[in-house]
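Just below is one structure, and these are the notes that go with it.
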Amino acid sequence: MPGGIPVRDALDSALVALNAAGVDTPRLDAELLLADVLGVDRAQLYTRSDLTVAGPAVRAFQDAVRRRAVDREPIAYILGRRGFRHLDLAVDPRVLVPRPETELLVELAVAALPQRARVVDVGTGSGAVALALADERPDLRVTGSDVSRDALAVARANAARLGLGVEFVEADLLPAGAWDAVVANLPYVAEGERLAPEITRHEPAAALYSGADGLDALRALAAQLRERRISWVALEHGFDQGEAVRALLREAGYADVATHLDLAGHERVTTGALPR
24 MPGGIPVRDA LDSALVALNA AGVDTPRLDA ELLLADVLGV DRAQLYTRSD LTVAGPAVRA
84 FQDAVRRRAV DREPIAYILG RRGFRHLDLA VDPRVLVPRP ETELLVELAV AALPQRARVV
144 DVGTGSGAVA LALADERPDL RVTGSDVSRD ALAVARANAA RLGLGVEFVE ADLLPAGAWD
204 AVVANLPYVA EGERLAPEIT RHEPAAALYS GADGLDALRA LAAQLRERRI SWVALEHGFD
264 QGEAVRALLR EAGYADVATH LDLAGHERVT TGALPR
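Here the sequence shown stands for residues 24 to 299, where the numbers follow this note's numbering.
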């Protein structure tokens, strides 16, 4: 077609492939991919009558749809970014894709932490939680830690691009230092648990799986918390792990232990505070 492929036709063609592949959100994904290729926002796909898919954009869109439909690559890796709270984070297969439910960690910490608290985000990955805390509570002294050097490279690049003063350090769970609070989204999937192909094929296994019941990393962190006596803690976990995580925090000496629900109504984050 001399003027290029109409946007609606390009989207319809992508929907056929994405639906056939069993992608959960085919129209949203098609719109995001096409908007990215054309350098516009999603709304403009429907409001700009001059838009067509032509030249190199045709192949670029076809390649992006193939990656999503055939390879089942997460949309965030194809786009190279993911929104989290108020931030736009760069992500790639070195780190997990930040999930909406993890925003609850930030929400709880923003509300609970006193002024100028020293807080460490353990298992920081892309830096999502640490950077969101620094963005929304500039008074906090925020550090992110991870055992993966690859993940730390992503986190540091995000911090530099966003201009947020978070320090990132390599550590197996809690780094050395004096901390008032810990937030953590550690691996909590049980070995052998079946996950979507987007996850198992592309996301780093070391950031997902944690022993036979998924609690090995959280147990190890709880043991460190017992020794370090950190005032406040918030741990993300699986929807069916709340009771076990509450027990871990109580055994570590925490009181006021409570589990908070995510937007889907699932137990997702358990918090605890040391007795005063």
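Where a beta carbon is used, it is the ideal one built from N, C-alpha and C, also for glycine.
Ignore the nearest five residues each way along the sequence and tell me which others in residue i's own chain have a CB closer than 7 Å to its CB.
i: glycine 265; result: Thr282, Glu290 and Thr293
i: aspartate 236; result: Ala213
i: proline 220; result: Arg95
For residue i, which three-state DSSP category applies?
i: alanine 135; result: helix
i: alanine 308; result: The first residue shown for the chain is 24 and the last is 299, placing residue 308 beyond what the model contains.
i: glutamate 54; result: helix
i: glutamate 193; result: strand
i: threonine 166; result: strand
i: serine 172; result: Checking the displayed sequence, the identity of residue 172 turns out to be arginine instead of serine. Residue state, collapsed to three classes: helix.
i: proline 210; result: coil
i: threonine 48; result: coil
i: valine 30; result: helix
i: alanine 77; result: coil
i: valine 205; result: strand
Between residue i and the rest of its own chain, which residues show a CB-CB distance below 6 Å, the 5 nearest in sequence each way excluded?
i: aspartate 279; result: Ala296
i: glutamine 138; result: Asp162
i: valine 170; result: Asp195
i: leucine 119; result: Gly148, Glu226 and Ala230
i: arginine 251; result: none
What's the C-alpha gap between residue i and residue j?
i: aspartate 32; j: proline 79; result: 17 Å
i: aspartate 158; j: arginine 164; result: 11 Å
i: arginine 50; j: leucine 38; result: 6 Å
i: leucine 241; j: valine 256; result: 12 Å
i: arginine 65; j: alanine 53; result: 10 Å
i: valine 212; j: leucine 231; result: 6 Å
i: alanine 83; j: valine 60; result: 7 Å
i: valine 142; j: glutamate 259; result: 16 Å
i: isoleucine 28; j: valine 93; result: 22 Å
i: threonine 70; j: aspartate 86; result: 25 Å
i: alanine 183; j: leucine 272; result: 34 Å
i: leucine 196; j: aspartate 285; result: 24 Å
i: threonine 48; j: serine 72; result: 25 Å
i: glycine 288; j: proline 198; result: 33 Å
i: proline 298; j: aspartate 263; result: 27 Å
Identify, in the order they occur along the chain, each residue of the same chain with its Cβ nearer than 8 Å to the Cβ of residue i, setting aside the five sequence neighbours on each side.
i: glycine 106; result: Leu112
i: leucine 34; result: Arg50, Ala53, Glu54, Leu57 and Leu68
i: glycine 103; result: Ala113, Val114 and Asp115
i: alanine 44; result: Arg91, Ala92, Val93 and Arg95
i: glutamine 247; result: Leu196 and Leu197
i: glycine 200; result: Arg141, Val143 and Thr166
Are residue i and residue j close, meaning C-beta to C-beta below 7 Å?
i: glycine 276; j: alanine 207; result: no
i: valine 192; j: alanine 153; result: no
i: alanine 194; j: serine 233; result: no
i: valine 177; j: arginine 117; result: yes
i: glutamate 96; j: histidine 225; result: yes
i: leucine 238; j: alanine 270; result: no
i: alanine 155; j: leucine 110; result: yes
i: valine 114; j: alanine 135; result: no
i: arginine 160; j: valine 133; result: yes
i: glycine 150; j: asparagine 181; result: yes
i: aspartate 203; j: serine 254; result: yes
For residue i, verify whether its CB is less than 6 Å away from any heavy atom of the ligand PLP.
i: aspartate 236; result: This structure does not include the ligand PLP; it has no bound ligands of any sort.
Quick check for students: name the residue ranges of the alpha helix (DSSP H) that lie wholly in the region 240 to 299, counting only runs of 4 or more. Runs of the alpha helix (DSSP H) inside the region 240 to 299: 265 to 274.
Would you list, in sequence order, the uninterrupted alpha helix (DSSP H) runs of no fewer than 4 residues that lie entirely inside the region 87 to 161? Taking only runs of at least 4 residues, the alpha helix (DSSP H) segments lying wholly in the region 87 to 161 are 98 to 102, 126 to 135 and 151 to 159.
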